[in-house]
Amino acid sequence: MNRYPLWIYVIIACAMVLGFTYTLPNFFGESPAVQVSSVKATVRVDSGLLERVEQALKSAKIVSQGTFLDANSVKLRFADTDTQLKAKDILSQSLNPDRDNPSYVVALNLLSSSPNWLTAIHALPMYLGLDLRGGVHFMLQVDMKAALTKRLENLSGDIRTQLRDKNLRHSGIRREGTVIQIKFRDAATRAAARKLLEDNQPDLSFTDQDLASDEFRLSGTVKPEAVTRTQESALKQNITTLQNRINELGVSEPIIQQQGADRVVVQLPGVQDTAKAKEILGRTATLEIRMVDEENSNPATLLAAQQGQVPFGDELYNVRDGSPLLVKKQVVLTGDRLTDAQPGFDNQTQEPTVNMTLDGPGARIFKDVTRDNVGKRMAILLIEKGKGEVVTAPVIRSEIGGGRVQISGRMSSTEAADTALLLRAGSLAAPMEIIEERTIGPSLGADNISKGFRSTLWGFIAIALFMSMYYVLFGVISVLALSSNLLLLVALLSLLQATLTLPGIAAVALTLGMAIDANVLINERIREEMRNGATPQAAIHAGYERAFGTILDSNVTTMIAGLALLIFGSGPIRGFAVVHVLGILTSLFSSVVISRAVVNLTYGSRRRLEKLAIGNTSWK
Numbered sequence: 036m037n038r039y040p041l042w043i044y045v046i047i048a049c050a051m052v053l054g055f056t057y058t059l060p061n062f063f064g065e066s067p068a069v070q071v072s073s074v075k076a077t078v079r080v081d082s083g084l085l086e087r088v089e090q091a092l093k094s095a096k097i098v099s100q101g102t103f104l105d106a107n108s109v110k111l112r113f114a115d116t117d118t119q120l121k122a123k124d125i126l127s128q129s130l131n132p133d134r135d136n137p138s139y140v141v142a143l144n145l146l147s148s149s150p151n152w153l154t155a156i157h158a159l160p161m162y163l164g165l166d167l168r169g170g171v172h173f174m175l176q177v178d179m180k181a182a183l184t185k186r187l188e189n190l191s192g193d194i195r196t197q198l199r200d201k202n203l204r205h206s207g208i209r210r211e212g213t214v215i216q217i218k219f220r221d222a223a224t225r226a227a228a229r230k231l232l233e234d235n236q237p238d239l240s241f242t243d244q245d246l247a248s249d250e251f252r253l254s255g256t257v258k259p260e261a262v263t264r265t266q267e268s269a270l271k272q273n274i275t276t277l278q279n280r281i282n283e284l285g286v287s288e289p290i291i292q293q294q295g296a297d298r299v300v301v302q303l304p305g306v307q308d309t310a311k312a313k314e315i316l317g318r319t320a321t322l323e324i325r326m327v328d329e330e331n332s333n334p335a336t337l338l339a340a341q342q343g344q345v346p347f348g349d350e351l352y353n354v355r356d357g358s359p360l361l362v363k364k365q366v367v368l369t370g371d372r373l374t375d376a377q378p379g380f381d382n383q384t385q386e387p388t389v390n391m392t393l394d395g396p397g398a399r400i401f402k403d404v405t406r407d408n409v410g411k412r413m414a415i416l417l418i419e420k421g422k423g424e425v426v427t428a429p430v431i432r433s434e435i436g437g438g439r440v441q442i443s444g445r446m447s448s449t450e451a452a453d454t455a456l457l458l459r460a461g462s463l464a465a466p467m468e469i470i471e472e473r474t475i476g477p478s479l480g481a482d483n484i485s486k487g488f489r490s491t492l493w494g495f496i497a498i499a500l501f502m503s504m505y506y507v508l509f510g511v512i513s514v515l516a517l518s519s520n521l522l523l524l525v526a527l528l529s530l531l532q533a534t535l536t537l538p539g540i541a542a543v544a545l546t547l548g549m550a551i552d553a554n555v556l557i558n559e560r561i562r563e564e565m566r567n568g569a570t571p572q573a574a575i576h577a578g579y580e581r582a583f584g585t586i587l588d589s590n591v592t593t594m595i596a597g598l599a600l601l602i603f604g605s606g607p608i609r610g611f612a613v614v615h616v617l618g619i620l621t622s623l624f625s626s627v628v629i630s631r632a633v634v635n636l637t638y639g640s641r642r643r644l645e646k647l648a649i650g651n652t653s654w655k
């Protein structure tokens, strides 16, 4: 009756082993580390950088306890803070010989001290939120009016180009607020223009206005859904750009999320330099397309240019691979004319490409330039902090019209994706203003961790003492189930790499109360069955079977509330909801399955069982 098959015990054993394994990294703490990341969008972090870092440390006779290469940075772990500071100085000098034009950011950081075998199986500690680790918090507001204005200017340019291509003459195009006004001299031309624009400008709704006998106007108003789409696009592009920029701050787990229709929350745990964070967040990057100076591209001229003798009308830049390139000062196009950039493949050669989309005026300019410069090279530059680098410099093979541009040539799929990302998110889509700023010191974060841990610990001890005294052996079994619940919860948070916040610690304490409540229901049901005359074995069976429905109903209804907080909440509310929902799942498993497994092992094999160690069962 009260016996589990072997496979259930195997599942429980595997769960406990995995729980212990993925909980273990949280006890090793963190060690001083140095993080090397790219300060420029065109400088890649790869195995070559890792070799340079290791060679620089070897030359300085500095020993690291481990080096790691991820998608955005190289990280090195050290035994103490003194070695960490020395390594930072050595790497800064080695990687950035020109202090006025650094290529890499060498930042102090903290890394988990977990053994390599734990890291190899992706057993990592939980991330700590801003309130536990300290750092800076920003609330930024996106200027949606500026984003809409930029969109209207692009639409005005597109309209002007389309009317000129169809030889439809107008008397002027101007923008009045959110309305584009187009003047015509006769109604027939206006009617033809309206038909053309309605087919090619789905974001605008057009109406006729007759102000005088010789003035015929066509008013184009942006549709509400187009306004919403423009604002959402601007917000998403700004978030993507912020994510790219924050990597150089050395933040292990930044939080960048949308709040409302026009605000972005940025939380940088571990960052205390508010001025540097503001500088990174407010940085601007612009895209420029220029022609390569083919006449002065010989080795002698390039060598002279590197020595300071740049030909008149040219500027010297470096390509991504470090080779010099002379480009003309005249800018053909800027990133303002770029509407999209996506990676792809050439239909004929199957080579990785970058497919760019230009707006109407940009498409016309690009068509004229490519028609007049077939066989010549065109350089695409990214300008940051007044410094420019060449992303790519392809050869123009033919006239390119229609606003769709394909860049190809000696690129891997990864490089094509990176280039597309740079071109698409190299600059902010709309200006942002910091409207809220908070700094949390590391000492306050450590104090929050200490208080949160102590409160949870004392709560657990109080529950354990009460259950052990009130329910005797069944109380001890309930405490064991509660311990396994806590173990599995921490393991899940670590496995999912969730960010633990102060509300999350509160959710842990709440989970302990809910988990022990299920065991209280089971124990009281067993007592009730024994008072009604059931045998001990029958009471155990009926207690678990009949209490399960009540436990399931209460946990499901609570989970519904937790899921609502998780879906619709933000910030601290989501931090609470994540721990809360996961805690409900682990409590169901521990309070029902694990506790009964221990009870079955204790009493299931006894054929002549006359009493249970479950406290007083005589009173009603």
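Taking the working numbering, I'd label the letters of the sequence shown as residues 36 to 655.
Where is the CB? At the ideal position from N, CA and C, for every residue including glycine.
Bear in mind the structure is a predicted one, so any value in this text is a computation, not a measurement.
Length of the line joining the Cα atoms of residue i and residue j
| i | j | result |
| --- | --- | --- |
| ASN635 | ALA574 | 12 Å |
| GLY494 | ASP356 | 59 Å |
| GLN197 | PHE401 | 15 Å |
| PRO538 | GLY610 | 6 Å |
| GLU350 | GLU323 | 13 Å |
| VAL525 | GLN90 | 39 Å |
| ILE629 | ILE47 | 7 Å |
| ASN520 | VAL45 | 17 Å |
| GLY54 | LYS422 | 50 Å |
| ILE586 | THR593 | 11 Å |
| PRO150 | ALA516 | 28 Å |
| LYS655 | ILE540 | Reliability of the predicted coordinates at LYS655 is poor, the pLDDT of 47 falling under 50, and no value is obtained from them. |
| GLU260 | VAL299 | 21 Å |
| SER99 | ARG112 | 6 Å |
| TYR506 | GLU65 | 41 Å |
| ASN651 | GLY639 | 21 Å |
| ASP133 | GLY343 | 16 Å |
| VAL362 | SER448 | 26 Å |
| ASN558 | LEU620 | 20 Å |
| VAL171 | GLN302 | 6 Å |
| ASN136 | LEU598 | 49 Å |
| PRO359 | ARG199 | 40 Å |
| ARG560 | ALA577 | 8 Å |
| MET485 | ALA544 | The sequence given here places Ser at residue 485; Met does not occur at that position. When rounded, the distance between both Cα atoms is 14 Å. |
The beta strand (DSSP E) enclosing residue i, as first and last residue numbers
| i | result |
| --- | --- |
| LYS363 | 359-369 |
| ASN390 | 387-393 |
| GLU472 | 467-475 |
| GLU350 | 349-353 |
| GLY255 | 250-257 |
| PRO378 | 373-380 |
| GLN236 | Run containing GLN236: none; DSSP gives neither H nor E here. |
| LYS110 | 108-112 |
| GLN292 | 290-294 |
| ILE208 | 207-211 |
| ARG298 | 298-304 |
Same chain, Cβ closer than 7 Å to residue i, neighbours up to 5 away in sequence not counted
| i | result |
| --- | --- |
| GLU563 | none |
| ALA182 | THR265, GLN266, ALA269, ALA464 and ALA465 |
| MET161 | ASN61, LEU528, SER529, ALA533 and LEU535 |
| ARG191 | The question names Arg, yet the displayed sequence has Ser at residue 191. So the qualifying residues of the chain are ILE208, ARG210 and ILE215. |
Contacting residues, own chain, Cβ-Cβ under 8 Å from residue i (five flanking each side not counted)
| i | result |
| --- | --- |
| PHE583 | VAL627 |
| ARG229 | PHE241, ASP243 and LEU253 |
Start-to-end residues for the alpha helix (DSSP H) that takes in residue i
| i | result |
| --- | --- |
| VAL627 | From DSSP, VAL627 is part of no alpha helix (DSSP H); its letter is neither H nor E. |
| ALA428 | Where ALA428 is concerned, there is no enclosing alpha helix (DSSP H), given that its DSSP letter is neither H nor E. |
| ASP193 | 179-200 |
| PHE55 | 41-58 |
| LYS218 | Run containing LYS218: none in the alpha helix (DSSP H); it sits in the beta strand (DSSP E), 214-219. |
| THR384 | No alpha helix (DSSP H) holds THR384; DSSP gives it neither H nor E. |
| PRO334 | 334-341 |
| ARG168 | 165-168 |
Residues of its chain near residue i, where Cβ-Cβ distance is below 6 Å and the 5 sequence neighbours each way are ignored
| i | result |
| --- | --- |
| VAL511 | SER503 |
| ARG412 | VAL327, ALA428 and VAL430 |
| ASN333 | none |
| PHE509 | ASN558 and ILE649 |
Just list the alpha helix (DSSP H) runs in the region 512-572, keeping only unbroken ones of 4 residues or longer that don't cross its boundaries, in chain order.
When DSSP assignments are scanned along the region 512-572, the uninterrupted stretches of alpha helix (DSSP H) that are 4 or more residues long and fall wholly within it turn out to be 537-566.
What are the complete beta strand (DSSP E) segments, minimum 3 residues, inside the region 137-161?
139-147, all fully within the region 137-161.
Evaluate contact between the region 80-88 and the region 51-66, counting only Cβ atoms and requiring at least three cross-stretch pairs below 8 Å.
No: the two stretches stay apart, fewer than three of their Cβ pairs being nearer than 8 Å.
Contained beta strand (DSSP E) runs [length at least 3] in the region 56-105, N- to C-terminal order:
The qualifying runs are 65-73 and 101-104.
Measuring CB atoms only, is the region 405-417 touching the region 430-442, in the sense that at least three cross pairs come out at less than 8 Å?
Below 8 Å, enough C-beta pairs join the region 405-417 and the region 430-442 to call them touching: three or more.
Curious, which full-length alpha helix (DSSP H) runs of at least 4 residues does the region 578-629 contain?
Positions of the alpha helix (DSSP H) runs, each at least 4 residues long and wholly inside the region 578-629, are given as 607-623 in order along the chain.
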